[in-house]
Structure formats: structure tokens, C-alpha cells
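Residue numbers (full-length UniProt numbering): 1 to 509. One structure is given below, encoded as C-alpha cells.
Below, the structure is given as C-alpha cells:
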């Protein structure tokens with residue numbers, strides 16, 4: 001069947017090789033087209049409606065189905081992640097990280113805990129911090145860090161994602177770390193079905209010094225804690241055979257970011273454990289498993305911001321009581337660091353076209369601040385109580401590309417803040433970049449088929465099409481009504497108006 005015959009059957013108008021001769025039939029009402037231009041034919045209006053809906057569906061589906069294009073081959077295993085991590089460090093002139101058996105155990109325990117409880121976060125729902133898992137595996141550290149990932153199918157994919165995140169990249173390329181431990185487990189994750197969890201731990205061990213043991217530093221229970229009346233009773237009936245509990249979380253002199261969290265510890269021979277916070281009995285809990293105990297601070301007794309002291313004692317089956325445990329001092333800090341956006345500055349470095357000198361002001365509790373622009377990131381140095389500075393080198397920026405500049409900050413408790421502060425754009429001279437404070441949003445880019453098809457501003461372009469289509473169809477309708485005012489087709493006018501309303505609806509939602 002010829003093309004013009006097929007199109008006539010489908011849409012009511014023909015596609016002719018000399019189509020320019022038939023512009024009148026398509027746009028001008030006359031007796032030959034029954035005073036209805038072909039572009040307003042009911043079959044054409046139906047086709048428009050279908051195409052508009054399909055275009056809107058593509059706006060929603062494309063970013064989900066094609067967030068990025070990635071060619072990779074390595075399976076997600078600890079060994080492959082070790083190799084890719086050390087390759088990344090080598091590119092920055094850093095030494096390779098040595099695998100640590102203790103860190104591997106800590107990573108595996110953390111991964112299992114997330115899988116069993118169905119959470120994906122540095123801190124558990126009950127407030128257990130990442131550092132608890134280091135302590136549980138007996139890893140004594142000077143510096144420690146944690147990266148997490150979920151639902152990645154390749155080692156390259158997860159490593160690339162970490163490197164694109166300033167906070168995760170800072171761990172991978174940190175000079176402070178010397179050892180690494182990775183765990184990868186796949187199992188049923190909550191109600192979401194099967195998932196793969198990846199835990200990457202970094203550390204720098206604190207080596208013991210061969211000297212006689214010194215008196216216990218930092219905390220002296222008798223000097224810093226006023227024991228409650230209950231303590232006097234307990235001590236008078238304390239059993240020398242019943243050992244005192246050991247609190248493993250929170251850690252000594254640590255920060256906790258939740259006012260209601262889980263206290264974790266272990267005790268030998270005790271049937272129950274009493275928990276005291278700031279000389280107040282908060283509750284009693286039975287031991288389980290291998291002489292372990294867990295106690296969740298009730299929300300109605302949630303701790304206030306600031307310093308607190310925690311200790312416990314155990315009770316045997318016949319009522320005997322142990323000595324009071326060693327006190328654990330900690331600080332509750334639920335507030336995220338404050339980034340002072342109005343005091344941020346980013347100036348070109350003298351003699352460089354792509355390096356910027358950064359100055360930032362963050363609240364005093366911040367212990368880590370990063371600056372990022374796209375895939376470029378740098379760790380800032382604290383120069384005073386709230387002042388941070390550093391240099392950020394911008395590389396691999398394509399023509400007409402803009403990158404969001406962000407500040408990321410973290411405190412000792414693990415509270416995080418992220419603030420957009422501006423844009424990096426190409427300058428008028430090749431190789432020169434400009435910083436624009438609080439610029440417009442970065443152009444989105446959708447890549448499909450391994451990068452063979454790339455769409456910039458796909459959603460915006462598609463939405464603009466809806467407006468252009470309304471202009472086109474309304475112009476055709478006005479032309480029809482204006483030329484033959486005495487001959488009108490109400491169904492055609494109503495149909496065209498309905499399609500225009502559909503286009504506007506697609507634009508709005």
C-alpha cells in the first residue's frame with residue numbers, strides 16, 4: 001500500500017511527495033476539505049492526544065530508566081572493592097590501604113545489623129554509631145571512617161558513586177587511613193525484597209606502647225560522679241563474685257546524635273542489669289545471648305542536649321548485686337553544624353584559571369568540612385574556631401556545562417549539613433571558569449544507550465513543547481474560525497479545545 005493511501009486511512013489526510021501543494025488542505029478551511037483543515041481532523045486530534053500523553057510518560061520514565069550509562073565488569077566483592085579503592089588512592093599519590101581482619105569483622109557485623117533491622121544509615125534506628133562496630137571487633141583507632149552503599153551490581157558502579165560524593169571520596173583519599181575492611185552481603189532487606197549491602201570501613205590503628213600501664217586517664221568516677229543513694233545500698237550488698245557490667249555503647253567521651261538511643265553492653269553471670277543515667281535509675285533489663293544486654297532510653301525520658309554520665313550494675317538470680325560499672329561519659333548532640341552561606345567566598349587563585357581559593361564559616365562544632373563542584377571536591381582545613389579554607393581545582397568541565405557548588409559539614413556526633421552556595425560556569429575565555437553565587441539550577445543531562453544519545457534539559461524541553469503545541473493548535477483553530485465564520489463545526493472546535501486543555505494539563509503536572 002502506498003504511503004499516502006495508508007496515511008489517509010489512518011489520519012484522514014495523505015502524505016504526498018509534493019506536500020507543499022497541499023498546505024491549503026492542511027491549514028485553510030475550504031470546500032475541498034469540508035471546511036475542516038486536516039490538522040484539526042478528529043483523527044489528527046486523537047493522534048495528538050496519544051502523543052502528548054506518551055511524551056509526558058517519557059518525562060517521568062526516562063530519568064528513572066536511564067539515570068546514567070555505565071559499562072562495567074567486576075562483581076561486587078570485597079577483593080574488587082579493595083583493588084579499585086587502592087587504584088583511586090594511587091591516582092592521588094597516596095599509599096595503598098592494607099586489609100585488616102578486625103575491620104572486615106566490624107564491616108560484616110555492621111552489614112548484618114543493617115540487614116536484620118532493615119535500615120540503611122551510619123547510625124542505627126536506636127542510635128548505635130558506626131564507631132560501636134570498631135570497638136566490638138576490638139579495633140583501637142586513631143582515625144576511622146565508614147562508607148555505605150546499597151543495590152549496586154558492580155564494583156565499578158559503587159566505587160564511582162563513592163568518588164562522586166564529596167564525603168565518601170574524602171574517606172577513600174584520606175591520608176589519615178592506613179587500613180581497610182569491606183563486607184558485601186545479599187539478603188532480604190526489610191519489605192523491599194532482596195538487596196546487596198556494601199560496608200567499607202577505614203582505620204588507622206593505635207599501636208600500644210611497651211611501657212608500664214599508667215593510671216586510667218580522662219575519667220575518675222569518684223571525682224566526677226556524685227553517687228545516688230541507691231548506690232550506697234548496692235555497694236553494701238555487692239557480691240565480689242558477680243562482676244560489674246561493661247558498657248560498650250556509647251563509647252567513653254563520645255558524642256551521640258539521638259536523645260533516645262540503645263545502650264549496649266555485656267556482663268558475666270548477671271540475670272538482670274540496672275541502667276543509671278546522671279545518677280538516676282532509668283530501667284532494668286534482662287541479659288540475653290552470650291551475657292549481652294541492650295536497653296533503649298525511653299522517649300519519655302529522652303536525654304537533654306549536653307554532657308551525661310552512664311553506668312550500670314548487675315543483679316544475680318538470688319538477689320546479689322555487683323559493683324557499679326565504670327562510668328561512661330558522653331555528650332548528646334542532635335543539632336547539625338550550621339553553614340553560614342552569606343560568609344562563603346570562592347575566588348580564583350592568582351596565576352590559575354581553574355583553581356579557586358575557598359573560605360567558609362561553619363559553626364564551632366564542625367570537625368569536617370568539604371567543598372564540591374560536580375565531581376571535583378576538596379577537604380577544607382580548619383584555621384580557627386569557625387573558619388575553614390582550602391583550594392578546589394576544577395577539571396573536565398564540558399562546554400556550556402554548569403556545576404553546583406556545595407558545602408558539606410559534619411560534627412563529632414555524626415550530624416550532617418549540606419548547603420548549596422553557587423555555581424561554577426565556563427567563562428568567555430576557553431579554560432577559564434567563573435563562580436556564580438546562588439546561580440540557576442544546573443542543566444540536567446540524560447544519557448541513553450551507553451552515551452550514544454544524550455539529552456540536556458530533557459524535562460524542560462519536553463514541557464516547553466506542550467506550550468508550543470498549544471500555540472500551534474490555537475493558531476490553526478483561530479485561522480479556521482476567522483476564515484469561514486459562517487461555516488463552523490462545533491465538534492471540531494470542542495475537540496481542539498479539549499486537546500489544548502490536555503496539553504496544558506501535561507505542562508502543569
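Even glycine gets a Cβ: it sits at the ideal position worked out from N, Cα and C.
- As computed with DSSP, residue 347 is found in a beta bridge with 357.
- If you draw a 10 Å sphere on the C-beta of residue 469, you find 16 or more other C-beta atoms in it, and that means buried.
- Membership of residue 255 in any alpha helix (DSSP H) is not indicated; the residue belongs instead to the beta strand (DSSP E) covering 254 to 256.
- In the assembly as shown, residue 501 is an exposed residue. Its beta-carbon has fewer than 16 other beta-carbons within 10 Å.
- Boundaries of the alpha helix (DSSP H) around residue 27: 23 to 27.
- Residue 37 sits close to residue 476, with the two beta carbons spaced by under 8 Å.
- Across the structure, residue 183 and residue 137 are spaced so that their CA atoms are roughly 14 Å apart.
- Between the C-alpha atoms of residue 48 and residue 161 there is a straight-line separation of about 40 Å.
- Unbroken beta strand (DSSP E) runs of no fewer than 3 residues, entirely contained in the segment 75 to 127, are not found.
- Pairing residue 198 with residue 296 gives a Cβ-Cβ distance that is not under 8 Å.
- Per DSSP, reduced to three states, the secondary structure at residue 168 is helical.
- The Cβ-Cβ distance between residue 406 and residue 355 does not fall below 8 Å.
- Collapsing the DSSP output to three states places residue 374 in coil.
- The three-state reading of DSSP puts residue 463 in helix, counting H, G and I together.
- Residue 490: member of the alpha helix (DSSP H) spanning 490 to 508, first to last residue.
- In the DSSP annotation of this structure, the continuous segment of the alpha helix (DSSP H) that includes residue 132 starts and ends at 130 to 136.
- When the five nearest sequence neighbours on each side are left out, the beta carbons in the same chain lying within less than 8 Å of the beta carbon of residue 52 are those of 466, 469, 499, 502, 503, 506, in order along the chain.
- Excluding sequence positions up to five before and after residue 139, its CB lies within less than 8 Å of the CB of 100, 102, 103, 106, 203, 205, all in the same chain and listed in chain order.
- Secondary structure of residue 148 (DSSP, three-state): strand.
- With a contact defined as Cβ atoms closer than 8 Å, residue 264 and residue 132 qualify at about 7 Å.
- With fewer than 16 other Cβ atoms inside 10 Å of its own Cβ, residue 118 counts as exposed.
- Taking C-beta separations shorter than 7 Å and ignoring five residues to either side along the sequence, the partners of residue 367 in its chain run 410, 411, 412, following chain order.
- DSSP places residue 329 inside the beta strand (DSSP E), whose first and last residues are 328 to 332.
- Scanning its chain for C-beta atoms nearer than 6 Å, with the 5 sequence neighbours on each side dropped, one finds around residue 294 the residues 262, 264, in chain order.
- In this structure, residue 253 keeps its C-beta atom at 8 Å or more from the C-beta atom of residue 304.
- For residue 312, the enclosing beta strand (DSSP E) begins and ends at 306 to 315.
- For residue 415, same chain residues with a beta-carbon under 6 Å away, outside a window of 5 residues either side, are 257, 336 in chain order.
- In terms of Cα proximity to residue 338, the closest of 30, 369, 345 is 369.
- By the CB criterion at 8 Å, residue 171 and residue 145 fall inside the cutoff.
- Taking the CA atoms as reference points, residue 402 sits about 16 Å from residue 353.
- Looking from the CA of residue 346, the closest CA among 486, 327, 423 belongs to 423.
- Between residue 179 and residue 97 the beta-carbon gap is near 6 Å, inside 8 Å, which marks them as a contact.
- In this structure, residue 364 and residue 385 form a Cβ contact; the two beta carbons are roughly 5 Å apart against a cut-off of 8 Å.
- Just measuring C-alpha positions, the residue of 29, 152, 495 sitting nearest residue 483 is 29.
- With at least 16 other beta carbons inside 10 angstroms of its own, residue 80 counts as buried.
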